[in-house]
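Student:
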Amino acid sequence: MTKKRNRTRPALSLQERLTRFTQEARAAAQNLPAGAERHALLQRVRDGEAAADMERLLSAPEPHDPK
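Quick note on the working numbering: the sequence shown kicks off at 1423 and runs consecutively.
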């Protein structure tokens, strides 16, 4: 007998989760001294912002060219 997956929906939308991640990561980066760890964290912030922009663009009701 196969097991049924217990799937639940995330409480927050992808956009909200990405926004929360970037805010928390940016706040954490402000507390770090300049260096490799801070640089890596800020890169993750930029990646999160890019992902949020892509998600917003792809979920738009009408496709349009980003200019």
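Beta carbons: idealized from backbone N, C-alpha and C, even for Gly.
(1) Is DSSP giving Arg1429 helix, strand or coil here?
(2) Roughly how many angstroms separate the alpha carbons of Lys1426 and Pro1455, rounded to a whole number?
(3) Contact check, Leu1434 vs Glu1477 under 8 Å by CB: the rounded distance?
(4) Quick check: Thr1441 and Ala1474, are their CB atoms within less than 8 Å of each other?
Tutor: Concretely, from the data shown:
(1) The answer is coil: DSSP assigns Arg1429 none of H, G, I, E or B.
(2) Distance from the CA atom of Lys1426 to the CA atom of Pro1455, rounded to whole angstroms, is 48 Å.
(3) About 13 Å separates the two Cβ atoms, so there is no contact after all.
(4) At a Cβ-Cβ threshold of 8 Å, Thr1441 and Ala1474 count as neighbours.
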